[in-house]
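Sequence lines, in order, name chains A and B.
For the first sequence, our numbering gives the first residue as 518, with consecutive numbering after it.
For the second sequence, our numbering gives the first residue as 2, with consecutive numbering after it.
Below is one structure, written out as structure tokens, with a few remarks after it.
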Amino acid sequence: MSSQTVAIAGIGATRPTRRSPKSLRALVVEAIEAALADAGLEPSDIDGVVSDGLVMPTTVPRDWVAAQFGFQRRYDGGMSFGGAASATAPLHAQLAISHGLAHTLVYYFGVDWGTRASGPYGFHDLYAGKMTFEKPHGFTGQPQYFALWARRYMHEFGLTEADLGQIAVTQRQSALLHPDSQATRPMSLGDYFASRVVSDPLRVADCCLITDGACAIVMTSLERARDMAQPPIRVLGTGFGSEPISGDDVFTQAGGMMRIPGARIATERALQQAGVTLSDVDFAELYDCFTISCLLQIEDVGFCKRGEGAAFIRETGIGIDGRLPINTHGGLLSHSYLLGVEHVVEAVRQLRGNLGARQVANAEIGLVGGLSNPDYGVMILGRDHR
Amino acid sequence: MSTTVASEANPEFDGFFTHAAAGHVAFPHCRACGRFHWYPMPRCPHCRSIDLAWRRVSGPATVLSFTRVLHPFDPSRAGALPYVVGLVTFADAPGVRLVTNIVGAGLDALRIGDTVTPVFRAETDGHTAVDFKRA
Ligand SMILES: [Zn+2]
């Protein structure tokens, strides 16, 4: 591992809630305060600020964050958006640190889609093709997009609703082991089937939560991190992948509908940098905006072959005690929906250890996958053994 | 019913509605490489030619996937639930997938692979929307 190895030295998260009385700016500030305190740092220790490249610049811009904290930025960056951005945050740290631009960076992301009138659906109004050719047909929400994928996948591969239900039920069990999860009631497979159908074959229980909240992480060199307050979590590898298709087209026109080609590209890059294989990964936090998208990423990241996701889940087990625990905090389905930045926080917590009943046994290496169709980001984290 | 967005900023979108108003379904076709693309772009995304023209299809389409919508994602549709959104393909426009509503009789028996035919619907804003019904 080179001297430029990046580590995550601090994490901060607001308590996720459907509707927060605080503004998104206040939530972001709270998350960054928590991450600095976690790392044992002052704002004067930060010289780089990173966010996603689309949502934060229009809601909580980096210059505003710098002004609030007095961060003297020597590096400033944002790429992709949402989940792919959070999972590729260490790319910025690797770049900035290896070029001597900055030594300690903070990444933040949050949404107020529980409070904001347009909620998660307003985002897609950015796309002219969708507005012109889809909205007039009442095709306006992510559950509908993924419902088309789910029905087609069922047709091609024999997936059942119970297979999707098993993902929701398992993640709910994990969510109940986290003190801050938004979902607080157990869910049986019967409860899953009783859940209201919103866009068939998908039910409410197939869909992520809606959340107001924010998270932040502090990244620095492994050497510096070793002198900070927490045991460093090493960034073993990071990768980004995509395909040349726009947000207009990605849910309906992509040649391999039901596939996320960027996931494989990002994973291969991250594994190569880390010098590990997927069989070395002890747990994964995958972008489960819907049960079906979680299943597709199990396949597209490469844990199993296309069409075999449901069998993999049954045979391997994705609960805390399974052979590949997935979304150990309950994920976007049952913990919170901050577009996957909370997945990064959870992976760090698992690797720090001592999570009690939620702790994955012998967690040494974790993978975080972030989806922002068509973009995909992968971060592979590991414990530090000096 | 939500309103179709006027396409002043995207003149390459207009042909679809011009053809729909005349009772036809048409898609952008590249005269340089012979391929269709969708959604419309200023240049062919396959070969970047600007030699594009709208080409009509014969009409019938095949259901690639569909969903029955029971939640008012679009508040203006709250009184019209459930409705069916279909994604359909055309034998004579390879590579194009059209988002549409599948309307009319027999929706409970709708299956992937079914043949559907176009129905033209005048929107309140003057645009013509293209829905489909089971053949
Ligand atoms: Zn062409």
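Every residue gets a Cβ at the ideal spot worked out from N, C-alpha and C, and that includes glycine.
Since the model is a prediction, treat every value here as computed from it, not as a measurement.
- prompt: Contact between the stretch 825 to 832 of chain A and the stretch 9 to 25 of chain B: three or more CB pairs below 8 Å?
  reply: no
field: Within 8 Å, strictly: CB atoms of G801(A) and G883(A)
entry: In the sequence under discussion, the amino acid at residue 801(A) is Ala, which differs from the Gly named in the question. Closer than 8 Å, so yes.
- request: Mind listing the chain B neighbours of L726(A)? Cutoff is C-beta to C-beta under 9 Å, in chain order.
  value: Going along chain B, no residue has its Cβ under 9 Å from L726(A), so there is no contact; the nearest lies around 15 Å.
- request: Between the Cα of R542(A) and those of D580(A), T522(A), Q770(A), V523(A), spot the shortest distance and give me the residue it belongs to.
  value: D580(A)
message: Can you give me the C-alpha to C-alpha distance between L676(A) and M704(A), rounded to a whole angstrom?
response: 21 Å
Among E651(A), V798(A), G682(A), the one whose alpha carbon lies nearest that of F74(B): E651(A)
field: Residues of the stretch 533 to 559 of chain A whose Cβ lies closer than 9 Å to any Cβ of chain B, in chain order
entry: none
field: Contacting residues, own chain, Cβ-Cβ under 7 Å from A791(A) (five flanking each side not counted)
entry: L753, G754, I897
query: For the stretch 638 to 669 of chain A, which residues have a CB atom closer than 8 Å to at least one CB atom of chain B, in sequence order?
result: Y638, A645, G646, M648, T649, F650, E651, K652, P653, H654, G655, F656, T657, G658, P660, Q661, A664, L665, W666, R668, R669
- prompt: Three-state secondary structure (DSSP) at W630(A)?
  reply: coil
- prompt: Which same chain residues, not among the five before or five after V100(B), have their C-beta less than 8 Å away from its C-beta?
  reply: V86, G87, L88
message: Please identify, using Cβ separations under 7 Å, the residues of the stretch 758 to 790 of chain A that lie next to chain B, in order along the chain.
response: D765, D766, T769, Q770
- prompt: So with Cβ pairs under 8 Å, would you call P891(A) a contact of chain B?
  reply: no
message: Am I right that F18(B) and T129(B) are in contact with their C-beta atoms under 8 Å? What's the rounded C-beta distance?
response: 6 Å
query: Quick one, which residues of the stretch 69 to 80 of chain B are near chain A if we go by CB-CB under 8 Å, in chain order?
result: R69, V70, L71, H72, F74, D75, R78
Residue from V686(A), F757(A), I549(A), G707(A) whose Cα sits closest to the Cα of A604(A): F757(A)
- prompt: Between the Cα of T90(B) and the Cα atoms of A22(B), R32(B), F14(B), W39(B), which residue gives the shortest distance?
  reply: W39(B)
field: Min CB distance W55(B) to chain A below 8 Å
entry: no
- prompt: What does the shell around ligand 1 hold, if a residue joins when its beta-carbon is under 6 Å from any heavy atom?
  reply: C31(B), A33(B), C34(B), R36(B), C45(B), H47(B), C48(B), S50(B)
message: Beta carbons nearer than 9 Å to chain B: which residues of the stretch 803 to 822 of chain A have them?
response: none
message: At the 8 Å Cβ level, is R44(B) part of the contact set with chain A, yes or no?
response: no
query: Given that F14(B) touches chain A, what residues does it touch there, using C-beta distances under 9 Å?
result: A645, G646, T649, F650
message: Can you check whether the C-beta of S66(B) is within less than 8 Å of a C-beta belonging to chain A?
response: yes
- prompt: Helix, strand or coil for S66(B) per DSSP?
  reply: strand
task: Specify the secondary structure class of V97(B) as computed by DSSP and reduced to three states.
output: coil
query: Does the separation of the CB atoms of L855(A) and G529(A) fall below 8 Å?
result: no
message: Using a Cβ-Cβ cutoff of less than 6 Å, which residues in the same chain neighbour R936(A) once the five nearest sequence positions on both sides are dropped?
response: Because chain A here runs from 518 to 903, residue 936(A) falls outside it and cannot be looked at.
query: Applying the criterion that 16 or more other CB atoms from any shown protein chain within 10 Å of the CB defines a buried residue, is A554(A) buried or exposed?
result: exposed
- prompt: Between E863(A) and the rest of its own chain, which residues show a CB-CB distance below 7 Å, the 5 nearest in sequence each way excluded?
  reply: E802, T845, H846
task: Spatial neighbours of C31(B) within its chain, please: CB distance less than 6 Å, with the 5 preceding and 5 following residues excluded, ordered by chain position.
output: C45, S50, L53
field: Any C-beta of chain A under 8 Å from that of V100(B)
entry: yes
message: Closest to R135(B) by C-alpha separation, out of R98(B), I113(B), L82(B), A94(B), would be which residue?
response: I113(B)
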